[in-house]
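This note's numbering numbers the first residue of the sequence shown as 1 and each following residue consecutively. Structure, as structure tokens:
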Amino acid sequence: MTTLPHFPPLDGSITVLPGFADFHAANNPHRPWVVFPSSQSPTNIVSISFLEFAKATHRVAHAIRPNRQGRDGEVVALLLNCDSILYLAIIAGIIRAGLTPFPISPRNSAEAVAHLVQKTDCHRMITQDALSSLAAVVQSDLASKSYALQIGDVPSLYAIYPTLRTTPPNDNLEQEEYRPSATPPPPDDVILYLHSSGSTGFPKPIPQTHKTMLQWSQGPTLTEARDNGIRMASMALPTFHTMGIFLQLLTPLMSGQAVALYAPHAPAPPPVPNPDSILEISRLTGCSGLPAVPSFLEYWAQSPSAVEYLASLKLVTFAGGPLSTANGNKLARAGVKLLSIFGTTETGTATNGYYADSLVKSKEDWEWSTFSSMTRPRWIPQDDGTYELQFLTCETHQPAIENLPDTKGYATSDLFEPHPTKKGLWRMPIVEEANASAPSFGRIFKEMIIVTEPTKPLPRAAKGTVIRKLAIASYSDSIDQLYKTIEDSADSKGISPPESWSVGDIEAWLHKHAASLNEDRELDSSADLFEAGFDSLSATFLRNRIIGALRVSNDTAVQEAVRGVSQNFIFDHPTITELATAIYTLVYPSLAPVAEKDKTKHIRDLIEKYSAGLPKRSTAVATSNKTSFVVVLTGSTGNIGSHILASLLSDERITRVYTLDRDSSSSGPWERQKFAFEDRGLPVELLSHRKLSSLVGDLNAPMFGLKPELYQEIANTVTHFIHNAWKVNFNHALNSFEAQISGTRKLLDLCFSSTRPIRVLFTSSVSVAHGWDVVNGPVPEESLPNPELAVSTGYASSKYVTEQLLTKAAENGLETTILRVGQVCGSKATGAWNVTDWVPIFVKSSLAIGCLPELEGSVSWIPMDAVADTVLDLIVSPNDPSLVLNVVHPRPSPWNDVIKAINEELRQRLPLVPYAQWIGKLEALSADPDPQQLEDIPALKLLEFFRGIGASDSSISDKTNVEAGGMPLYETRELQRQSETARTLSPLNEDYSRMWATAGGTVFAEVTILHILAVAKIQGDICEDGAMSREPDRISPGKR
């Protein structure tokens, strides 16, 4: 029999924070506070007890305010995107320390964040590396106003929850409790700031006191969760949001019931919520209550099994927007206990719980709400049948903000309509967000603004307020046109063209528009737009403005230039200078140089720039020890890098390994390596080996950002430098990779300066030979003198430049080896495959399309652990390796054999069709894909890549000695001579396909499920600041 928890008192005798946490630590110490699936075995559940949560808050307090230094009540801004269990401990721990946390959405603009900081007299911010650029802009903006802001790093997950480490820490887990204040805090003391989105300007800071936190806890939603023993599946909510505070922090503390969250992913960002993972975790963790956004409910309503599960729960709540009547009725008729919740940051949750509502509502009334008797709502009639909701201050309900002119209370500006026959029932309002000074995902550009017409004024009520429904109806045609404007820039209003189409005038025009899209920051003509703050949305709008300016010209030649503005136009020309030249080239093609020659010249220029002054190796250097080896590895947390690290740590001949990775978020390199090993099924215990030194550094920084003595130690002891770190982005032009090339040159300078020989192994890519003519046979294992081969992408060009740099270094006496890596496939040991590579994307999309394509030719995919073991072979070999090795599978397998083997392992066998038929189906779907199709068929986002395979394939008559898709094969004679791993590697066969399909959490096991699962739209479902909007998908066509 399960023992009921002890409940904290709600009479104000103890504080909610940290009082409730301490209550549970004393009375319910071993009951679970949070539950989540294990990262080691997703079917197992991990829990964190109330006692461990309380200890975590003490650790945070010690870390943030040692010995209670400074002034009580100081505001600490939190600009974070971290795991919820860490975020919750930080909030509660800062309150324990006598300070005032202020969680801020990281999707706010820099100006909005600075505004919030100033408004709360905040002079300290806790952030992480991933948001350091935003924090730096905020700090700079405030400094220009003589306002000081100190920025510090967030404590790591494992520092706050040391028991989560796979390898036990060396330090003592027990820590002294944080000393409390000598006097109890008054109930009206502010203990927490939250913020609204700012419907008419900047977001507003909303102070929350001990009193408001207690009243939130006394409300019917939380008391029903307590009285009915409801375990909430709250993982979808952003922790900094009001609903996150309510359902992740307060609910377990008030009810004594655990809350289910996503498993921690540190040092990676937390997962993006999707409807399938939410239901899966809810089931696994035994939840009985589920808060959801309406779009997820719309999605679940289409699945009988999902509806059946929802009907088994004690409660399903939704907020943030309307649920369609059809699907709401469907769920309610199926027995789902639906509850529509209304609340604001200023008032907390004000509606009744499900069981109190059921006294006056039938199941058909699911979209109507009643308001808690603890509140005093006042309804102000509008002139269109709706009422504005206001809350009057009373003993049991204190709004955080009071803004009424006639009495104490809060006007929400939200409109409701009353039930036509049932008194006391009100329906959710239409949430209206102006998004002025909005978060980055919701910024309003000129293309998104409709200007009202004097001949068609907005309809207004007698009191002067706009009648919204009539206004929307009146301007419906303009609203429809707005979407067409955004889509194809056909409407050029407001887009004045340059004064002339000279390069100078185009450049001046671009400066103006680039600044307006980048928060009015002036950009240098040669600066990379994406390094300066542009994102894909900014690029889209700049491209639209370019198209609009070309279209309004009276010159037909200028109008024709629109045809040349590709989807990737901004990515291909990422500086203002390059854009101006590219536009000029489109307008006056006869006066401009050929584009490919421009790319070739750029490659040659960078080779010349970074090989200038390259040192020569002195002949008076010590002889290298060939029996033990000291290695530096960059990029140790990626797919190949983590496997290389595992190989190095497993071999006794490698006596020391330094990993050099860039700083990232709040976690150290060891934590990131641990996550990488766990994610790829590698033995995590290897990371505890004493020969591993996990370092943070930057090749472009002086001495790589290391201490002088450590830098010198590396220079004097290292035998091999494996340079594996590189930016992987196939949209970015060559300019965007210059930092990687520059860092490589500095690496070479170190190796030249060493007193002993250091061999540099550089992981290049077969894409440097993308333009190779298959008529000339396989690509040789030698330096390629023709840069035209590598102009396909900026990524390929950057690898080519670096290959040439290493070739010149070898000519000057440095020992270098270029590893030209091909398409990497799932590990031969674990089957783990990078699910964002083109092959998993291709398989997932084929499942949705309903067929798999046949192709003539071979595939030379090489398992990632075979790549790693090959690197190890080259290090320990007594022979000096060649300058260039093609690291591809030495025994290619026919495409059709591999595809048939994959098909055998799929749960749904697919017909095999000619490639032309397969790409035809993809082309047909690409005309107007909806969001669900883009999710189910990610190949639509790589359409150009798959077109290229088809085009290359059709252009080759003899396909007997080519890679499938018309790509060249690669010589591997030297690779096999120097690497036993490559020499003995078995061909790809059904054993590999079976491993890919059955390995835990890997690609084909995943895509067979994912192709029928659509991730619902998240953006906008949280009504205050859209905090749940997802980042753009990052997909990669591998390293072809």
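All C-beta atoms in this analysis are idealised placements derived from N, C-alpha and C, irrespective of residue type, glycine included.
{"Asked": "Per-residue burial, P9 [other beta carbons within 10 Å of its own, 16 or more giving buried]", "Found": "exposed"}
{"Asked": "Continuous alpha helix (DSSP H) assignments of at least 4 residues falling wholly in the stretch 926-985", "Found": "931-936, 943-954, 973-978 and 980-983"}
{"Asked": "Spatial distance of G504 from A580 (CA atoms)", "Found": "8 Å"}
{"Asked": "Classification of P271 by the beta-carbon crowding that lies within 10 angstroms, buried from 16 upward", "Found": "exposed"}
{"Asked": "Alpha helix (DSSP H) runs wholly inside the stretch 723-785, at least 4 long, in chain order", "Found": "738-753"}
{"Asked": "The alpha helix (DSSP H) enclosing W670, as first and last residue numbers", "Found": "P669 to D679"}
{"Asked": "DSSP state of N554 mapped onto helix, strand, coil", "Found": "coil"}
{"Asked": "Status (buried if at least 16 other CB within 10 Å, exposed otherwise) for C394", "Found": "exposed"}
{"Asked": "Coarse secondary structure for R891, derived from DSSP in three states", "Found": "coil"}
{"Asked": "Same chain, Cβ closer than 6 Å to G697, neighbours up to 5 away in sequence not counted", "Found": "L660, F704, G705 and L706"}
{"Asked": "Cα-Cα separation, R672 to H732", "Found": "26 Å"}
{"Asked": "Sufficient close CB pairs (3 or more, under 8 Å) joining the stretch 623-637 to the stretch 710-721", "Found": "yes"}
{"Asked": "Paired residues, beta bridge with C825 - DSSP", "Found": "P863"}
{"Asked": "Pairwise C-alpha distance: E507 and V791", "Found": "25 Å"}
{"Asked": "Neighbourhood of S526 by C-beta distance below 6 Å, restricted to the same chain and skipping five residues each side", "Found": "T575 and T577"}
{"Asked": "Residues bridged to Q208 [DSSP beta-bridge criterion]", "Found": "L192"}
{"Asked": "Cα-Cα separation between A622 and L523, rounded to whole angstroms", "Found": "Annotation note: pLDDT 48 at A622 (below 50); position unreliable, coordinate value reported separately. For A622 and L523, the distance between alpha carbons rounds to 49 Å."}
{"Asked": "Segment contact, 8 Å Cβ cut-off, at least three pairs: the stretch 857-873 with the stretch 937-946", "Found": "no"}
{"Asked": "Straight-line gap, D365 to P322 (C-alpha atoms, nearest Å)", "Found": "14 Å"}
{"Asked": "Nearest-angstrom Cα separation, counted from I94 out to H123", "Found": "15 Å"}
{"Asked": "Nearest to M255 (by Cα), restricted to the options Q69, P220 and N329", "Found": "The identity of residue 255 in the sequence shown is Ser, whereas the question assumes Met. The option with the nearest alpha carbon to S255 is P220."}
{"Asked": "Pairwise C-alpha distance: A901 and P780", "Found": "30 Å"}
{"Asked": "Cβ of S986 within 8 Å of any chain D Cβ", "Found": "Of the chains in the structure shown, none is chain D; there is only one protein chain."}
{"Asked": "Alpha carbon of P890 to alpha carbon of E904, nearest angstrom", "Found": "25 Å"}
{"Asked": "Opening and closing residue of the beta strand (DSSP E) in which T53 lies", "Found": "According to the sequence displayed, residue 53 carries Phe and not Thr. Run containing F53: none in the beta strand (DSSP E); it sits in the alpha helix (DSSP H), F50 to I64."}
{"Asked": "Residue from A311, T347, I341 and T349 whose Cα sits closest to the Cα of L331", "Found": "A311"}
{"Asked": "C-beta contact flag for Y354 and L315 at 8 Å", "Found": "yes"}
{"Asked": "Residue from A110, G681, P273 and P294 whose Cα sits closest to the Cα of W833", "Found": "G681"}
{"Asked": "Nearest-angstrom Cβ-Cβ length linking P497 and A549, presumed shorter than 8 Å", "Found": "4 Å"}
{"Asked": "DSSP beta-bridge partners of C394", "Found": "H397"}
{"Asked": "CB of T744 within 8 Å of CB of L814, strictly", "Found": "no"}
{"Asked": "Closest Cα partner of Q712 within the set R690, A725, R756 and L116", "Found": "R756"}
{"Asked": "4 or more residues per run - each alpha helix (DSSP H) lying fully within the stretch 830-880", "Found": "838-849 and 864-876"}
{"Asked": "Integer-rounded CB distance, given that L734 should sit under 8 Å from G794", "Found": "4 Å"}
{"Asked": "Where the alpha helix (DSSP H) through S413 begins and ends", "Found": "Premise fails: S413 lies in the beta strand (DSSP E), G409 to P418, not in any alpha helix (DSSP H)."}
{"Asked": "S13 beta carbon less than 8 Å from that of P32", "Found": "no"}
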